[in-house]
Every structure is written in C-alpha cells, then in structure tokens.
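For reference, the structure discussed in these notes is given below.
There are 4 protein chains.
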Amino acid sequence: MIIVLRRDATEKQLKHIVDKVKKLGLKPMISKGIERTIIGVIGEEDILRVQPLEVFPGVEKVMPVLAPYKLVSREFKSDKTIVSVGGVKIGGKKIAVIAGPCSVENFDSLLKIAKQAKKGGAAMLRGGAFKPRTSPYAFQGLGEEGLKYLHQAGKEAGLPIVTELMDVRDIDSVEKYADMIQIGARNMQNFNLLKEVGLSKKPVLLKRGMMSTIKEWLMSAEYILVNGNFNVVLCERGIRTFEEATRFTMDVSAIPVVKRLSHLPIIADPSHATGKWGLVGPVAKAAVACGCDGLMVEVHTNPEEALSDGSQSLMPSNFVKMMQEVKKVAKAVGRDV
Amino acid sequence: MIIVLRRDATEKQLKHIVDKVKKLGLKPMISKGIERTIIGVIGEEDILRVQPLEVFPGVEKVMPVLAPYKLVSREFKSDKTIVSVGGVKIGGKKIAVIAGPCSVENFDSLLKIAKQAKKGGAAMLRGGAFKPRTSPYAFQGLGEEGLKYLHQAGKEAGLPIVTELMDVRDIDSVEKYADMIQIGARNMQNFNLLKEVGLSKKPVLLKRGMMSTIKEWLMSAEYILVNGNFNVVLCERGIRTFEEATRFTMDVSAIPVVKRLSHLPIIADPSHATGKWGLVGPVAKAAVACGCDGLMVEVHTNPEEALSDGSQSLMPSNFVKMMQEVKKVAKAVGRDV
Amino acid sequence: MIIVLRRDATEKQLKHIVDKVKKLGLKPMISKGIERTIIGVIGEEDILRVQPLEVFPGVEKVMPVLAPYKLVSREFKSDKTIVSVGGVKIGGKKIAVIAGPCSVENFDSLLKIAKQAKKGGAAMLRGGAFKPRTSPYAFQGLGEEGLKYLHQAGKEAGLPIVTELMDVRDIDSVEKYADMIQIGARNMQNFNLLKEVGLSKKPVLLKRGMMSTIKEWLMSAEYILVNGNFNVVLCERGIRTFEEATRFTMDVSAIPVVKRLSHLPIIADPSHATGKWGLVGPVAKAAVACGCDGLMVEVHTNPEEALSDGSQSLMPSNFVKMMQEVKKVAKAVGRDV
Amino acid sequence: MIIVLRRDATEKQLKHIVDKVKKLGLKPMISKGIERTIIGVIGEEDILRVQPLEVFPGVEKVMPVLAPYKLVSREFKSDKTIVSVGGVKIGGKKIAVIAGPCSVENFDSLLKIAKQAKKGGAAMLRGGAFKPRTSPYAFQGLGEEGLKYLHQAGKEAGLPIVTELMDVRDIDSVEKYADMIQIGARNMQNFNLLKEVGLSKKPVLLKRGMMSTIKEWLMSAEYILVNGNFNVVLCERGIRTFEEATRFTMDVSAIPVVKRLSHLPIIADPSHATGKWGLVGPVAKAAVACGCDGLMVEVHTNPEEALSDGSQSLMPSNFVKMMQEVKKVAKAVGRDV
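From first to last, the protein sequence lines stand for chains Z, B, A and P. Everything in the first sequence is counted per this note's numbering, starting at 1 for the first residue and increasing by one. Everything in the second sequence is counted per this note's numbering, starting at 338 for the first residue and increasing by one. Everything in the third sequence is counted per this note's numbering, starting at 675 for the first residue and increasing by one. Everything in the fourth sequence is counted per this note's numbering, starting at 1012 for the first residue and increasing by one.
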C-alpha cells in the first residue's frame, strides 16, 4: 500500500498516519520527494485495505499495490484449474460447448433441442427454470418443474446440465437436479447467493455482471472459493457500453486478461453478449481464437415461438454450422471441441 | 409496436407476420413506403412485447411505442405519491434527509450519530446491518444484532429507521425492526427480493443499480407495486461511467426525468455517488435544486475508524454545515427541509 | 512515480530499472516488502512519465503520484482565475449566462433572440457559424457570414459573443468577429486547434469531450495555457453513458472536482447535456447549486423551425422563467446572476 | 419516420404536425391506437430527419426507420469494396497486416523495424509523424521530416505506408509522402478534416472514435464518400468503457456488424485497443476469427526506448510469433495473410 500525502501535509499529520500504520503491526517506509511525501507500507496489505486511510488529514490518495483477491489468483495456484461437470472437463485442451434454450418451456421441445445440440457437438445442456426477467409481466420460468425436465432431457440426451440459481431458497432443488449451478450476471454481486454456492458440492458457472470490472468479478469468485468450493468456471457475457448495435459489448480481451490473473477456466456467451443470432457465430469464433475454454450458446428449434430471448437463439441447423466453423478455429489455436 | 421490414422482405414474409399479429388478436396497419414497409400494430402492446418478432424472416427491427411499465407511470396515477415512514412524509413539500453510518458498528457510536443527525435536521436514521461488500474479507455487518441497535437508536433519537435487506431469508427480522426496507443497488434486479418486499407492508427504498437505465429501474419498482406494495421511494445513487475522479457519476438529470415518468418520490444519495465526503455537500445541493424529494447521507462521528465507507462519511459538524446550505437551496426551489 | 515489481522479478531486473532511473538523474528508493518490491522515484516525475517503464522486464505496474498537468492546477496558482470577455467577468461572484441559438440561421431571427436573451438576463450571446454535424447532409452553418451576423447582433443587443472554431484555417475570422472562441466537445483533443487558440489573445471556452475524463480535459486546457493563453473557461456539457433517457449525462460532480483541481472557471451547458428543453431548467439549477460559474443555454424564438438542436432550445419565455429560478438558487449559494 | 403522439395530444396538434409533413411533400399515415396515435411518414426520410419534430406540441417521440447514411451502406452497394494501397488490396481474401512503430523516431530504427516487419509478413508500414498526444509535454512527432523517413523506409523495405493526418494544413505533405492517409480516433468527428480527405485521391484509413457509436462512425465515413473518395477502410481500435484492465475495450462484434451494414473493408488495431503488448496476439486472433480484413499492429525494435506507446509495442520476434498464429486462424476462417 502506498500512501501519498498532500503537498501541504504537516509533520504532525505524517506522524499521525505513521503511528496508525505501526499500531496495525506494519512497517512504514517514508520517502520525502520534491513535491510529495509518500509512505510505502510493508506487511500484510489486507490489514490496511479495510482502513479508510483517505480520510486521515494530509492524505491525498492511497494506492494499493496488490490485487485484492487471493484464492482465485495465479499467485495462489499457478497451474490451471480444470473443472469437471458430470464427466465433462472445462479448462483443458478441449473446448466445452454448452447449448440449449434460454428458458425451459416444455419437456418435448427441450428434449428435441437437447438431442440436436448433442448431435451438433455440444458437451452440456443449458436451460433456465428460474428466469430473471426485467419485466414482472414476462415469463418467469417453470420453476422446479423446469428443473425436472432439464434433468430428464439431459439424461436422455447424455448431457450434463447447467441451470441458473436465483434465490438462496432454491439451492436444494437446483443442487438435486443440476450438474452445475449458474450464477447469472444480475446476481454476480448477490453475496449471500455466492456464499451458498460456495458451500455447495456442485461446480459453479459465474457470469460476469454487465457492469462489473474484471477485478470485481474475480472478487465474486473469491467469495465462492473462500467458502470451500474451488470448482468455479467464469463466463464473459458482454458488458454494458454506449454502443447500441449489440445488446451488450463482448469484452473479448477479458479472456486473456483473466487467464493471466487467475487459474480458473473462462468461457464466453456470445448469445447474450450480442443479442442477435446472426452475430453469435463470428463472436463465438473470436472468443475461441482469444483463448476461451468453452462457449455457452442459446439454441431453440423454433425461435419464433420462444418465450424468451428468441432473437438471439440459433436454429439447430445454424448451431451445427457454427460448430463446424468453431472447430476449425479451435484447431488453429491448438484446441479441440 | 412498429415492425420495420427489410428492404428485401417478400410478400410471403409480410403475410406471415401479419397472420401472427392477427392471431394474437391485434390489428396490423401496413404502410408501404418507398424504401421500407412498416407495420403498425394496434392493440395491447404487451401482448407483442413478449414475442420475438425480430426473428421473423423479413423483419429488420421492432420498435415499441409505449413504456413497458404501467403501475409506476404518471399515466396510471397522475398525482404524486407521498410515502409515509413512521410519520415522516417523503414526496411532499418537505425534503426528507436520511442520515447515519454506512454500517452499524456498535450501539454507542450509533446512538451518538443518531442524536447528532437528529440535531442537525435529519428526519430518518440509516445504517447497514447486512452489508453487501465486494470483498469476502471485508466487514459483513452485525446482522440481526445490528437491526436491534438500529431500532433502539432510532427510538431513542426519535427517528424512523431504514436499513438494507440483502437476503429473502432475512425479511422477517428486517420487517420487525425497520420502518423502511432498503433494496441496494446491487440487488435492484434481484427479482425474488423485489417480489418479497412487494408483499411486505413496510415502505421500500429502491436504489438504482449502478448499471441500470431509468427504464429498468422503473421496471424493478413495477415488480414491487404489482405485488401490492405502492409505498416505494426511488433513490438515485450514481451510475458507473468511465470517469474515475468520483466513485460513480451522479445522474442528476435522472431526478427530473423520473418525476415526469413516474408518480413515485425520488431521493438522492450523494455519499455513494461521489465516494468523497468533500463532494457530498455540493452534489446534495445540486440534487435538491433539481427537484429531489429527499437525501440520504452517510454520517460518522469518527470516519478514521469507520468499518466501511469512511472516506465518504461526513463528520457531524460537516453534516450540520451541509444541512444549513441545503436548507437555503431547498427554499430557493420552494421546498423545506 | 512508484514502480511495482512482479513477485518473480530478479535482482538483475531490479538493477536494470534502478540503473535507468539513475541515468535519468532521478533517485530510486527501494522498499522490499513481503510480496513485492517497490521502487519510489524521487525527482521530476515528468522525466519518468514519458518512459515506457511498463515494458521493462520484471515490472508489474507503474503508478504516477502527481497529476500530469501543471499550469491549470491549483498548485500552480491557488487563487481563482477570472476571465474577462468584453467586460463580462466569468469566475467571480456573478454567474454569467450565455444564451443564443444553436446555429446562426439569419440575421433577423438572431437579433430577435439576442435582444430577448439580453432582456431575460443573459450576459453573453452564443451562436454557431461553423457547425460540427454528425451528418454531411445536415445544415453546416453559414460560415463567415454567420460570424458577421453574430458580431452585429451582439453589438446591437449589447452582448459579447462566443462562437465555435472548428478549423485552424478559420481562426483569423473567428478572432476578428468573436469576443470568445469556443472549442467544441468533438475538438477537445484536436491538439493543433488547441495550440492555435493558445497563441490567440482571445479568451477560450473549452468544452469537455463527451467521453473525456476530467484529467484529459485539464490536459487539453494545459495545451492552451502552455502556449500563452491563460484566459480559459471550462464547460461541462454532459458525458456519454449507457443511459438513453437524456442525450448525454450531465456530470454535475465534475464542477466541484474541477474547482478543487484547477483555478480555471467552469460553466455548464444543460442544453447539450440533456438534449430536451424540459430538462434544461432543473439541470441548470443543479449546476448552479453545485458551484458553476456560468451557464450556456440554447434559446430560439421558434424551435419548430430551428435548423439544428430545436428539441433542446428554450423559447424566450421559458428562458425568462428559467432565469428567475436560477437567480433564486444562485442567491441561495451566495452568488448573483 | 414514425411520430408517436402523447396520450393527451389534441386533434389540433395532430393537424399541425400533419400539415407540416404535407408541406414538406411527404405523406402522413395516421394510425389511431388504443393508447397512442402514431403517424407513419412515407417519402424521403432525410427531409424529416433535419426537422426538430420533437418540439411540436403533442409529440412524445420520433423514431427514424432508416439508417442516416447512404453511400457507405450495403443497400447502396451490395458487393464489398476492395481498397488498393500501393498494390496492397484491403477487403479481399487476403488479410492485410500493417505494422510499424507508434511514432517515427529516427530513420535508422524505422528502417530496421520496416525490414523486420516485412520479413514477418507485414503488407504495409505504419508510423506517426504528427502525433496527437494527450499531454503538451509529450513527444509531438518529427513532422514533415518524419514523413520523408517513412517514405524512404517504405520504399527500401518494399512496403506502402500509412500515416496520420491531424491538421488540414498538412494534407499536401501527407499526400505527397504517404500511400494512405490515416484519420485518428480523436479526429473521427473533425468534419473539416474528413471533407479534405474526401477530396483527396489517396485512400483513407478511418479509425473509430473511442467515444463513437458504429452509426456515428459510418456517418463520418459518409463525409469522405460524399466528397468523392470511395477508398475508405475502417479501423476498430477499442472503445472507452468502465473496464480498467485494458486501455480501451476492443469491440470485436463491431466487425461483423459493420460488414452487414457497409461495403467498406474493416481492420482492427489490437495495440491501441488493449494497450498491453501481451494482449495484442490473442486480440489480433479474435479480430481475424471475427472476420476483419486486416490488422494494424505496433512494432518496435526497442520498446524500452520508444518515445510513445512502448508498452503496447511488440518486439519484432513477438510480431513474427503473432503472425504465425494469425495465419493459422486466418486459414481456419477461409482467409490468407
């Protein structure tokens, strides 16, 4: 931690801060420059991080030296984590593609989609039983019934399933039916939900909040790891920007950035990032070229009748086409699908 | 709803869409222009809103005509709502100032702050018992013990209290001890939490998500009203932008915008918006000049020892100074404090 | 400047950096902490600022301690600058209101607006002769003819004029006819234009770029001062964010932030910030309450026929109403209009 | 153009608008719905676009149906434009890689870089002689001397050159020495500069403004085409967002979006987008996978001594490595390098 003093800071103010630092068991190193005095603090940065040093008289700014996360960092664990979901490995050489409808609507269409996804090369099935919808008037999901359908369709198609958990009260049912628990973008900072899945034995898919920095995202993952669950996969799904041509802006460079900072696998969701099915293919290829460990793609047999997100869902035939192209790009960067 | 067709849309595609619209019980009005055919749809727009019309072949874009919210709108209720919290009215001529520490830390300091806030002109006491913290290593709040302290301090100081609810499982305790339930920025789209407070008898303070448009914010309020609770106060607390000089960017124009669109009262939180106590006063005055119905301000007797948000907390003496200035501005715009 | 080394930095890498620092005539102070070694550099920070230290092997990050601007800073000049424009003082107790049409359209309507603006309490006349328009098909301004109209209308109404300079080749005509030269938001980083107005004797109104940080804005002002022109007034006109309810988002807290960092006066433009005439009044009052030294407002006698920005222009009657309200707020914060 | 009336719009207001529309030679189509009356206007949308219809009494909002650009659109020209720069084709099957230093610093190092870039597979040489620098104290470029060096180095290495034009007064020298004229991000809306290069015979590389939507970017290209120069290549170089881990955020989906909307070629600049040389390779591959027609990459033989942007420059050895990887990805998407 570096504490920069104001130009007009007094000796008394300097002493007050130095005393505080020492009282916390840390060692202050004072450098008096021409324009500013700075204090470098040696010792556990975490002890200082929770202190409101900016309010001490004479302080201009406080600059942390270390990242605030520990367990998710490469420094804590230098080799890449591979998360296993019902036999599917995420984080290894093979790129895992998760496909399925936005919402579970009924069993028959779900099974049909699941089988076609499997045939197209998907490794896992996705589908929402609990749906976070901006409007209270929109379809809110089938709830536990949807979980059962998912479980059954996954079983019949031979695909492990991932589904979103929105409410701490639903964790038992989601754990019962799902192979992986998804935390959605809008719940990335629902800290009690993070604690609960941290205590779960099931692997977790943690989507990035649409307006969260990479640092905040990794801190949210830290909540899960610190509670005991190290099987976390991150998912970049686009951030909110001023650009309106796409629903969100896929932050493709977040993929290599996260890979440097963390040992956790990272996948990409081009469906939510773009909001338009015609852009899903190009952006999926970009994410794979950039080094992602998997993809999450919305597929629907009849987008015109989808109860949610129809406009960003691929028809199975387009999913197959996308998979063929993605495979070539994966191979070009030394990966398989 | 307006459906704009692609330049190359065929008659068959047009018919397919028109048939869909009619099947839904709505009336299509076709205008064939020089460059585009557009279809205006007459009838309940909500019926179409949930249809993924963008995926119909030949469709270029779909433009809604109406706002997606109903109960929160001025069209539903043209006169302003006044929310009463333990005798304090929010939304009337008087500007309600809510003051208190970021977190409840212990009873004695809380009571001291409460009494000084009251003396300085605050109408309500704030304080967090459950704290949404970016880091799992930061102080997470005192929980139910904090609620009891708040209740007691509010009683002794003669101030109704507002505190944040983060978890659906805590609603009973929060309802028991608090006069008003706060939904924080990170939970603005925690829809199950919104449903729960919609079923509560206690008034709700709904903070704007840092990443949320005004439209989404009003849709979140709609979740509360549609579940039966019309006592909702909105709170602008700054949005995330590229500017780094402040913690967030206070969207001051959101105040007059919301007042046009909705009958709900709106207050402003200059402490979280700016993140720096030295900016709280000027931004508080701006919010009042712009028409807000109240302020929410962090006050701490010893910011150097605060367990959270010390750098944005006002000392009681600065709070008193701010209140004197705010009163003058309030008077200038025909309001009282 | 603080240089933070990577955890795995070698002694050789440390020596390489230390040698570089010494070679530049600066003094390195090494602090070896538990997790990182950091190097504090004492001496002229500017010497290091232009060095790409991040690329030196073993460097994790480089953190500047000082602001990159000098002449515009409060540290360089602690008392507030007052800029005089044809007798009108900007930066003193009196708030200067600049009013007029977006574009100069013809002499008669301009004169009419000028006279009504004067009557309503405006201190200066604005109007664009050269218009930066997003579309090549939109009205591009009357050019030098417009400058002449402005000059004449200002003279007849008794108001100094300000108008935008878009092109270095037009500086002579703008200098000839205008009392103050405006640099628009889209040219805030047109550095050659900044250099030219830096060499001018006329005062400059420097609008903030719609996506520029306060730091970059002050650096652009520095370009003008370093070329010899200290008569610079800053103008906050809204930044681009994700919110769509307003054209831009007025960053009202930029006003007190700039006042702390710089001695230059700052005014606000609620017309461009909001894009809607109905929001101009509330946001103007907010800016004044927050401490701005002036306002820039679009006024048009017939917005329905305006060739640009009609939807954000006030009718003269609404301008008068706004002025009455602004005066009250100004008085409440110890200012006049 | 669709005009949506307010719920309380009167018949008189409707008539006033309809009269205006008719007076402009357009045909209004009125649809009276349950909640709103809407007016669809048939005829040249451009005529209406410049009218401030939002200010007409009774109007709630105005929604354009067509894109505001014409010449750059796919509707105007459905087949892809191929721009030829000194024999190098941009927009065809082959991906054109432009490499070179940020600034031209001296002839010897430039020539060395040029030869190594050529050897690594670059098709063109880049380098700045006029540098737009945020700080007036930073290196501003060698000016015309730099242009001569570029010209000579390009000639000796066998590479056409591209360099930035910042000032309308420098167009003759830039035209004389360069094969392609670059308009930088900060000048994307310097409309007079756009007009000048529109009148030039040299092809233009138009970078996206960091603050500009895709629509605004295409409108800036329209300025060039409408003045007669159809040889325009677009360059995505990252937009400004709240994320701080990278210098800007590469908007990779802008590539497929632009390819749908426009016939112009589009390339990507991963150096400026990321600001970190270690991220240039992954993001370059992502851009190619997504369909870009070229890359622009900063290469420097000694980044530690670079006078600008050292931290984002590749060493020639890393450039060669990147090219090998990019070639594989290009092949995977049916392209060559």
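The beta-carbon is built from N, C-alpha and C at its ideal position, and this holds for glycine as well.
Between the CA atoms of residue 465(B) and residue 174(Z) - distance to the nearest angstrom: 30 Å
Taking the alpha carbon of residue 1343(P) as the point to measure from, which residue in 1019(P), 1035(P), 1104(P) has its own alpha carbon closest? 1104(P)
Looking at C-alpha atoms only, which residue of 621(B), 450(B), 432(B) is the closest neighbour of residue 440(B)? 450(B)
In the region 32–54 of chain Z, which residues sit with their C-beta less than 9 Å from some C-beta in chain A, listed in chain order? 32, 33, 34, 35, 36, 38, 40, 41, 42, 43, 44, 45
Limits of the beta strand (DSSP E) - the one that residue 1193(P) falls within: 1191–1194
Out of 559(B), 393(B), 369(B), 417(B), which has the shortest C-alpha to C-alpha gap to residue 305(Z)? 393(B)
Considering only the beta carbon of each residue, do residue 781(A) and residue 981(A) sit closer than 7 Å? no
Kindly list, in the order they appear in chain A, the residues whose Cβ is closer than 9 Å to that of residue 1148(P). 720, 723, 724, 742, 744, 896, 900
For residue 1221(P), decide whether its Cβ has a neighbour in chain C, counting only Cβ atoms nearer than 7 Å. Absent here is chain C; the protein component of the structure consists of chains Z, B, A and P.
Roughly how many angstroms lie between the CA atoms of residue 859(A) and residue 881(A), to the nearest whole one? 5 Å
Exposed or buried, residue 753(A), counting other C-beta atoms within 10 Å across all chains shown (16 or more means buried)? exposed
For residue 683(A), three-class secondary structure by DSSP: coil
Under the DSSP definition of a beta bridge, which residues are partnered with residue 1268(P)? Looking at the DSSP assignment, residue 1268(P) forms no beta bridge with any residue, so it has no partner.
Does the Cβ-Cβ distance between residue 1297(P) and residue 290(Z) come in under 7 Å? yes
When 63(Z), 144(Z), 136(Z), 228(Z) are compared against residue 678(A), the one with the closest alpha-carbon: 63(Z)
Kindly indicate if chain A contains any beta-carbon less than 7 Å away from that of residue 439(B). no
Indicate whether residue 1174(P) and residue 243(Z) have their beta-carbon atoms separated by less than 7 Å. no
Using a 10 Å radius around the Cβ and a threshold of 16 neighbouring Cβ atoms, would you call residue 352(B) buried or exposed? exposed
Spatial neighbours of residue 153(Z) within its chain, please: C-beta separation below 6 Å, excluding the five flanking residues on both sides. 110, 111, 114
Pull up the distance between the alpha-carbon of residue 590(B) and that of residue 957(A), whole angstroms please. 6 Å
Do you know how far the Cα of residue 101(Z) is from the Cα of residue 316(Z)? 11 Å
So if DSSP puts residue 678(A) in a beta bridge, which residue, or which two residues, is it bridged to? 712(A), 735(A)
Roughly how many angstroms separate the alpha carbons of residue 713(A) and residue 721(A), rounded to a whole number? 16 Å
Which residues of chain B have a Cβ atom closer than 9 Å to the Cβ of residue 268(Z), listed in chain order? Ordered by position in chain B, no residue passes the 9 Å Cβ test against residue 268(Z), which lies about 19 Å from the chain.
Three-state class that DSSP yields for residue 1081(P) in the structure shown: coil
Just reading off the alpha helix (DSSP H) that residue 384(B) is part of, what are its end residues? 382–386
Taking C-alpha atoms, which residue in 1098(P), 1043(P), 1132(P) lies nearest to residue 1213(P)? 1098(P)
Assign residue 1139(P) to one of three DSSP states: helix, strand, or coil. strand
In whole angstroms, give me the CA-to-CA distance for residue 165(Z) and residue 215(Z). 23 Å
Other residues of its chain near residue 892(A): CB distance less than 7 Å, five sequence neighbours each side excluded: 743, 746, 935, 936
Should residue 559(B) and residue 136(Z) be called a contact, given that it needs their Cβ atoms to be closer than 7 Å? yes
Residue 843(A): buried (16+ other C-beta within 10 angstroms of its C-beta) or exposed? exposed
Using the Cβ count rule (16 or more neighbours within 10 Å means buried), how would you classify residue 528(B)? buried
How about residue 1014(P): is its C-beta nearer than 7 Å to some C-beta of chain B? no
Nearest to residue 1268(P) (by Cα), restricted to the options 258(Z), 194(Z), 247(Z): 247(Z)
Closest by CA to residue 636(B), which one among 629(B), 372(B), 612(B), 374(B)? 612(B)
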